[in-house]
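These notes are about the structure you will find just below.
Chains as they are written, first to last, in this note's numbering: chain A, 4 to 292; chain B, 4 to 292.
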């Protein structure tokens, strides 16, 4: 994991415009938003899934960076005053606090096309039409039926009592879509998977994505701001429905454990090439930050 | 022109998610931002340029819609309180006024990947690797070295005295990048242009893009809010440098005319297939709104 994280940090450094290129302030703010932090869960999933198809790491690095740029932009916009209005992220001031609101808006607006540019600028598949399909996967996962749509459902849910299926529907879009895209795109960088392979991989990614969110809610309730690197207890303060508010802390912990077991089960028909994916399911559920 | 505008309205209607699809409010807001107005200058340029290469209009419609989604998102974000803080656009309340700020933010965030999704979802070139090249053109034009970068330069220029070259540099990015992309992508939908064809076409588009901006500044100074459908005199009120503030009204009018002549000259080596491009250069400079 540390090797992937180090590799990703270097790749993101390289793929982001240099801070001395015009417009300098925007480029500095883009680098601030993307570099120097984050668990890089999506890149870890992309690299782990790429082992299923023996993909070239140089390709995986590109799709992982593209997904991470989309993820980073979503955090910048999500932290803005008109959304969650948060001042702390990854232990540092959020982008609009460190720079200003207008710059934060543009950082997100510019990171998004950079993700698609990266995926158009490198050879990622043996056939160009497969690469176009990969670009489409990222676009759909980022859009109104994916991540951005999940944010909209999240917005509409503030102060409301959601049912468990409604909460799940929100997270399957808000964080799940990009987690699934990262996993599938990692595998697609190599030779194709066997019949139903992508289907099973998507089931794994969907389960792991939900587990990630359940654990996030548990940690948000349990941990301190210092440990998390972002404001703790925020969801409760904003009366946002969470797994903990709906299920209670004990049952939420149980659910995370059930999802962990389910994620492992989804991988059962893959051979030893799925070892990293198994490890990540454990990491995502058992993490403390 | 009216035929292209009608065709585009229908295409955009079709390409946007239906308002009854979840998340409904976001989809309604996306449709509000894109439909029902606008001169559709970029689609007009794409269709006009596509005549140079005898491109299939069904392809041109897709790239024109993609560019128009990027343009529409940029207007939504540009109008937000942390940017230009404007309440009127195309004669109607701006998106964040009609809906709310968070929704306006997400409208822009979701329109952008929809543009790339469209371009990945349709066959736009005879060879898939040409289509990937076209996706890259749109990504670069939208990003920090294109439109979003131009916005950042614009932000940094408020209250400053710019030189004419600095103002030109800003507009070549802020509005020019997408106008050039629309034109080049329209031509790329067909069989390739002759040697230097794209270069000459880009020169035309760059000139027309600047002329568009000069005329915008002249109209902003001369016309009423009712005629423009957006707040008139805004640039002066926000102490934004404009062609009129730097050159004066009479010289700005002359410059627009010079650019119109230059745009026609850039087309000189094309044959009758460039007729629509010639017409558009006239329309852009001689328009009254």
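Backbone N, C-alpha and C define an ideal beta-carbon position, used for all residues, glycine too.
Mind checking if residue i is an interface residue toward chain A, Cβ cutoff 7 Å exclusive?
i                     : result
residue 156 (chain B) : yes
residue 85 (chain B)  : yes
residue 169 (chain B) : no
residue 132 (chain B) : yes
residue 262 (chain B) : no
residue 195 (chain B) : no
residue 115 (chain B) : yes
residue 179 (chain B) : no
residue 213 (chain B) : no
residue 373 (chain B) : Because chain B is modelled from 4 through 292, residue 373 (chain B) falls outside the range shown and cannot be assessed.
residue 273 (chain B) : no
residue 57 (chain B)  : no
residue 120 (chain B) : yes
residue 124 (chain B) : yes
residue 105 (chain B) : yes
Thinking C-alpha only, which one of the options is nearest residue i?
i                     : options                   : result
residue 33 (chain B)  : B:199, B:97, B:170, B:137 : B:97
residue 106 (chain A) : B:84, B:124, B:103, B:91  : B:84
residue 198 (chain B) : B:262, B:56, B:122, B:286 : B:56
residue 178 (chain B) : B:126, B:169, B:153       : B:153
residue 114 (chain A) : A:159, A:127, A:79, A:86  : A:79
residue 7 (chain A)   : A:26, A:38, A:28, A:50    : A:50
residue 235 (chain B) : B:86, B:93, B:166, B:25   : B:93
residue 46 (chain B)  : B:263, B:75, B:218        : B:75
residue 265 (chain A) : A:130, A:205, A:42        : A:205
residue 173 (chain B) : B:212, B:260, B:86, B:190 : B:212
residue 129 (chain A) : A:147, A:16, A:59         : A:59
residue 35 (chain A)  : A:70, A:95, A:82, A:14    : A:95
residue 186 (chain A) : A:86, A:66, A:104, A:290  : A:66
residue 44 (chain B)  : B:22, B:70, B:20, B:62    : B:70
residue 11 (chain B)  : B:22, B:20, B:37, B:181   : B:37
residue 176 (chain A) : A:127, A:14, A:77         : A:77
residue 267 (chain A) : A:281, A:256, A:254       : A:281
residue 116 (chain B) : A:148, A:224, A:193       : A:148
residue 73 (chain A)  : B:168, B:291, B:15, B:112 : B:112
residue 61 (chain B)  : B:217, B:15, B:216        : B:15
List the endpoints of the continuous alpha helix (DSSP H) containing residue i.
i                     : result
residue 154 (chain A) : 150 to 160
residue 90 (chain B)  : Here residue 90 (chain B) belongs to no alpha helix (DSSP H), and DSSP marks it neither H nor E.
residue 132 (chain A) : 131 to 145
residue 242 (chain B) : From DSSP, residue 242 (chain B) is part of no alpha helix (DSSP H); its letter is neither H nor E.
residue 116 (chain A) : 104 to 124
residue 46 (chain A)  : 44 to 53
residue 33 (chain B)  : 27 to 37
residue 212 (chain A) : 200 to 225
residue 9 (chain A)   : 5 to 18
residue 271 (chain A) : Where residue 271 (chain A) is concerned, there is no enclosing alpha helix (DSSP H), given that its DSSP letter is neither H nor E.
residue 177 (chain A) : 167 to 177
residue 22 (chain A)  : Residue 22 (chain A) -> no alpha helix (DSSP H), and no H or E assigned at all.
residue 194 (chain B) : Segment: none, residue 194 (chain B) is in no alpha helix (DSSP H) and carries neither H nor E.
residue 77 (chain B)  : 60 to 81
residue 127 (chain B) : Where residue 127 (chain B) is concerned, there is no enclosing alpha helix (DSSP H), given that its DSSP letter is neither H nor E.
residue 57 (chain A)  : That residue, residue 57 (chain A), is in no alpha helix (DSSP H); it is neither H nor E in DSSP.
residue 235 (chain B) : Residue 235 (chain B) -> no alpha helix (DSSP H), and no H or E assigned at all.
Could you tell me whether the Cβ of residue i comes closer than 7 Å to any Cβ of chain B?
i                     : result
residue 162 (chain A) : no
residue 18 (chain A)  : no
residue 102 (chain A) : no
residue 151 (chain A) : yes
residue 216 (chain A) : no
residue 1 (chain A)   : In the structure as shown, chain A begins at 4 and stops at 292. Residue 1 (chain A) is therefore absent and cannot be evaluated.
residue 112 (chain A) : yes
residue 185 (chain A) : no
residue 268 (chain A) : no
residue 14 (chain A)  : no
What I want to know is whether the C-beta of residue i ends up closer than 6 Å to one or more non-hydrogen atoms of the ligand GTP.
i                    : result
residue 26 (chain A) : With respect to the ligand GTP, the structure shown offers nothing to examine, as it has no ligands at all.
I'd like to know whether the C-beta of residue i is nearer than 7 Å to at least one C-beta of chain E.
i                    : result
residue 23 (chain A) : The structure shown contains no chain E; its protein chains are A and B.
Practice item. With 7 Å as the C-beta to C-beta threshold (strictly closer), list the residues of the segment 132 to 146 of chain A near chain B in chain order. Key: 132, 134, 135, 138, 139, 142, 143, 145, 146
Check your understanding: For the segment 25 to 51 of chain B, which residues have a CB atom closer than 8 Å to at least one CB atom of chain A, in sequence order?
Key -> 25, 26, 28, 29, 30, 33
Review point. Within the chosen definition, does the segment 236 to 253 of chain B reach the segment 266 to 283 of chain B through at least 3 CB pairs nearer than 8 Å?
Key: no
**Study point:** Residues of the segment 66 to 80 of chain A with Cβ closer than 9 Å to any Cβ of chain B, in chain order
**Key:** The residues in question are 73, 76, 77, 80.
**Study point:** Meets three-Cβ-pair contact criterion under 8 Å: the segment 153 to 162 of chain A and the segment 25 to 43 of chain B
**Key:** yes
**Study point:** Validate contact between the segment 137 to 150 of chain A and the segment 116 to 128 of chain B using beta carbons, cut 8 Å, 3 pairs
**Key:** yes
Check your understanding: In the segment 238 to 258 of chain A, which residues sit with their C-beta less than 7 Å from some C-beta in chain B, listed in chain order?
Key -> none
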